[in-house]
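Everything below concerns the one structure shown next.
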Amino acid sequence: MSAKLPPGLQLEKVDDRIMTLNVGPQHPGSGHMRIIIKVDGDYIVHTDPDPGYVHRGEEKMAEYRNYITNIPHLERPVIHDSCNILYPYCLGIEELLGLEVPERAKYLRVIAAELNRCVYIQYWLAIYGIFLGHSTMFMWPTGDRELLIDLLEKMTGARVTHAYFVPGGIRNDVPPNFEDVCLRQVNYFEKRIKEYADVFYDNPILISRTRDTGVLSREDAIKLGTTGSVLRASGVDFDIRKKEPYDVYDELDFQSPTLKEGDSYARSKIPWLDMLESCRIIREALKKMPKSGSVRVKLKPKPKGGDTEIYRRVESGRGALGMYIVSKGKPQPYRLKISVGSFRNLIAMPHLLTGEKLGNMPAVYWSLNYWPVEADR
Amino acid sequence: MHVTARENKKNESKVVFKMSSDENNTNVEKTEEAPPVPEFENPLANLILKKFPSATIAFANTDRTRVNVSKEEIIQTASFIRDELHFDHAESVSGVDYPDEKQIEVVYHLGSYDDPSLSKQILTLATRVPREDNPHPGNDSTKLSSLYEIFPSVAFHERECFEMLGVYFEGNPDNRRLLLPEDWADIPPLRKDFDIKGR
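Order-wise, the sequence lines are chains W and Y.
Per the numbering used here, the very first residue in the first sequence carries number 832; after that it's consecutive.
Per the numbering used here, the very first residue in the second sequence carries number 362; after that it's consecutive.
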């Protein structure tokens, strides 16, 4: 066929051995992204991740809004983990404006961030379960997640998209009986998630599907700059809450779980261990928190920053989350860069999937704790 | 095109760095007292300045250091930072547009997983490339050597910087679009002259 093609288009040469598969963007097994996979028989020989289907230009939008009106739209990339994505932003603005956060607000922030981390992990765990064909593991986390969503609703007034953190503290104080309710719910939640071990993590079917698939060595994990559960599953003990403690994390006693195997099983287990630690953190924070006091510093309208730049990071549900704020003395940031864990872990996807069997793709892909909306921003 | 030590000193006097506690302010004062090779409290800054005298240290706080280098020197500086200072990965690569100065700044935030003494440190390596008013991404003078060979973790970050600001990274194995639609025909959207519609 020698028909003339329009400029910019070309016919693709079709190999009779190598087949190209588009996984996504509509297929629910990949989230809102596409992975272009080339297979030779059953084996993946080439992987090309193609994100961007949910790109919203958060960084550009932030340049047009002032430091306070930026808050509601900046949490949109991860509505399930909205406290943690606002955390570095608020820490950065506080540093920029020289604000001192009240003690009670610091503890409430840590509690909200840890509750949010659990909510995110439960959501992720439900999807991970269903894509490995484990329906119970879809139902249980989705149901238990409601416990914490109720708590967050009591705290912030919204089930998701809380917009709870503001520069200088939190938006509002918690209701009077919050401490008791929180302690009771978290204790019950912890009891529930411990049961996941029996049904999911000790399940021989899960172990046979995820053990030794998609192994990321310690050296590669460091070289590729991965973060969060991917990094800690490969034996690198690096948790921003421990290494660069913010707010009151240095006063609380907790571990950052680390495993050595680096396979999909280890990567799927780290978030669950994280949740158990989160329960510990919340209980201790409730005990140590001042029982009363202000929770917010009063700000002038449209505060202006100096001529400086700030890079702050926190540990979110998907790893380190950094915000780079360039201020030029205006009420709006001159440039705001959001460096998210999902985007940093994207590079591990072609590295791990190439050479795997196609059937192992969901196990490897979802174990990367990848959230397409956050990666696209 | 680059900020020289003297100009930088001038800037520092009016810039108020609120990055960290009081130690920070003493650093800035020290640089003003002792040119041309200022001593910083952060040893990383001194090591880099000793090896690359033409580099400028914008600030050196207890856990954040910023080094400005020329675009010709970025490869050598990055190799030195990896091999001698033991930084092993890039956390983010940001582009910042300065249309008035006709420059685009590329900022690498480098961190270290392997060296526990550096886990709090973020080393900011910044350089500037010329900016053209009518950009043809990939085919104009807005080019920079990629750090892919030194820090493979920059791969996707540099791709994003290319499409968002039009900085072409020579040596990056993959310089295709990443997040923008395939039929995007406007200027790179994070440049300051790209306006959000309706505003």
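Where is the CB? At the ideal position from N, CA and C, for every residue including glycine.
| Item | Value |
| --- | --- |
| Buried or exposed, going by whether 16 or more other CB atoms sit within 10 Å of the CB of Y/D580? | No answer is possible for residue 580 of chain Y: the residues shown for chain Y start at 362 and end at 560. |
| Thinking Y/Y509 and Y/E521 are a contact (beta carbons under 8 Å), I'd like their distance in whole angstroms, please. | 14 Å between Cβ atoms; not a contact. |
| Fully enclosed by the stretch 902-970 of chain W, which alpha helix (DSSP H) runs are 4 residues long or longer? | 902-905, 913-928, 934-962 |
| Roughly how many angstroms lie between the CA atoms of Y/T426 and W/T1057, to the nearest whole one? | 22 Å |
| Given that Y/H470 touches chain W, what residues does it touch there, using C-beta distances under 8 Å? | Y1142, G1153, Y1155, S1170 |
| Going by beta carbon distance, what residues of the same chain come within less than 8 Å of Y/F441, once the five residues before and after it are set aside? | I409, K412, F413 |
| Identify which residue in W/L1130, W/G999, W/R1208, W/S1158 has its Cα closest to the Cα of W/L1152. | W/R1208 |
| Does the separation of the CB atoms of W/T851 and W/I866 fall below 8 Å? | no |
| Step through the CB atoms of chain Y and report whether any lies within less than 8 Å of the CB of W/I1210. | The displayed coordinates of chain W run from 832 to 1208. Any statement about residue 1210 of chain W would go beyond what the structure contains. |
| Can we say the stretch 907-918 of chain W touches the stretch 940-948 of chain W, given the rule of at least three CB pairs closer than 8 Å? | yes |
| Am I right that Y/V468 and Y/V515 are in contact with their C-beta atoms under 8 Å? What's the rounded C-beta distance? | So it is not a contact: roughly 12 Å between Cβ atoms. |
| Using beta-carbon positions only, say whether W/R787 and W/A936 come within less than 8 Å of one another. | The structure shown does not extend to residue 787 of chain W, since chain W is modelled only from 832 through 1208, so no value can be given for it. |
| Let me see if you follow: with CB-CB separation under 8 Å, is Y/V457 close to chain W or not? | yes |
| Say whether the stretch 897-910 of chain W touches the stretch 955-975 of chain W, bearing in mind that this needs 3 or more beta-carbon pairs closer than 8 Å, one atom from each stretch. | no |
| Let me confirm a value: W/H993 is counted as buried when at least 16 other C-beta atoms fall within 10 Å, else exposed. Which label applies? | buried |
| Please state whether DSSP places Y/K391 in a helix, a strand or coil. | Residue placement at Y/K391 is poorly supported in this model, since its pLDDT is 45, which falls under 50; the coordinates are not used for a value here. |
| Just grab the DSSP bridge partners of W/H877 for me. | W/K869 |
| Could you give the uninterrupted runs of the alpha helix (DSSP H) lying entirely in the stretch 427-464 of chain Y, keeping only those of 4 residues or more? | 435-444 |
| If we define contact as Cβ-Cβ less than 8 Å, is Y/T485 a contact residue for chain W? | yes |
| Mapping the DSSP letters down to three states, classify W/H886 as helix, strand or coil. | coil |
| For the beta strand (DSSP E) holding W/M1154, just list the boundary residues, first then last. | 1150-1159 |
| With a 10 Å radius around its C-beta and 16 neighbouring C-beta atoms as the bar for buried, classify W/H911 as buried or exposed. | buried |
| Can you find a C-beta in chain W that's less than 8 Å from the C-beta of Y/P496? | no |
| Just to confirm my understanding: we take Y/A406, look at its own chain, exclude 5 residues before and 5 after, and list those with CB closer than 7 Å. What are they? | I418, A421, T426 |
| Of the choices W/A1116, W/L963, W/Y1196, W/N1200, whose alpha-carbon is the least far from that of W/S1039? | W/L963 |
| Would Y/S382 pass as an interface residue toward chain W - the criterion being a Cβ-Cβ separation below 8 Å? | Confidence at Y/S382 is low in this model, with a pLDDT of 43, below 50, so the placement of that residue should be treated as unreliable; the coordinate-derived value is given next. Taking Cβ atoms only, chain W never reaches closer than 8 Å to Y/S382, which makes this a no. |
| Need the endpoints of the alpha helix (DSSP H) that W/S1087 sits in, please. | Per DSSP, W/S1087 belongs to no alpha helix (DSSP H) and is neither H nor E. |
| By the DSSP assignment, the beta strand (DSSP E) with W/N853 in it spans what residues? | 849-854 |
| Y/P491 bridges to which residues according to DSSP? | Y/Q464 |
| Straight-line CA distance for Y/L487 to W/G988? | At residue 487 of chain Y the sequence reads Ala, which differs from the Leu that was named. Distance between the alpha carbons of Y/A487 and W/G988 is about 42 Å. |
| Using a Cβ-Cβ cut-off of 7 Å (strictly less than) and excluding sequence neighbours within five positions of W/I1101, which residues of its own chain qualify? | S1060, R1063, A1064, P1088, L1090 |
| Any contact between the stretch 1137-1155 of chain W and the stretch 1007-1017 of chain W? By contact I mean 3 or more CB pairs, one from each, below 8 Å. | no |
| Could you give the residue range of the alpha helix (DSSP H) that holds W/Y1165? | Neither: W/Y1165 is in no alpha helix (DSSP H) and is coded neither H nor E. |
| In chain A, which residues lie less than 8 Å from W/V1195 when you measure between Cβ atoms? | Protein chains in the displayed structure are W and Y, and chain A is not among them. |
| For Y/K458, which of W/D1033, W/V991, W/L1167 has the nearest alpha-carbon? | Inspection of the sequence shows that residue 458 of chain Y is occupied by Asp rather than by Lys. Nearest option by C-alpha distance: W/L1167. |
| Rounded C-beta distance between Y/M525 and Y/P549? I'm assuming under 8 Å. | 6 Å |
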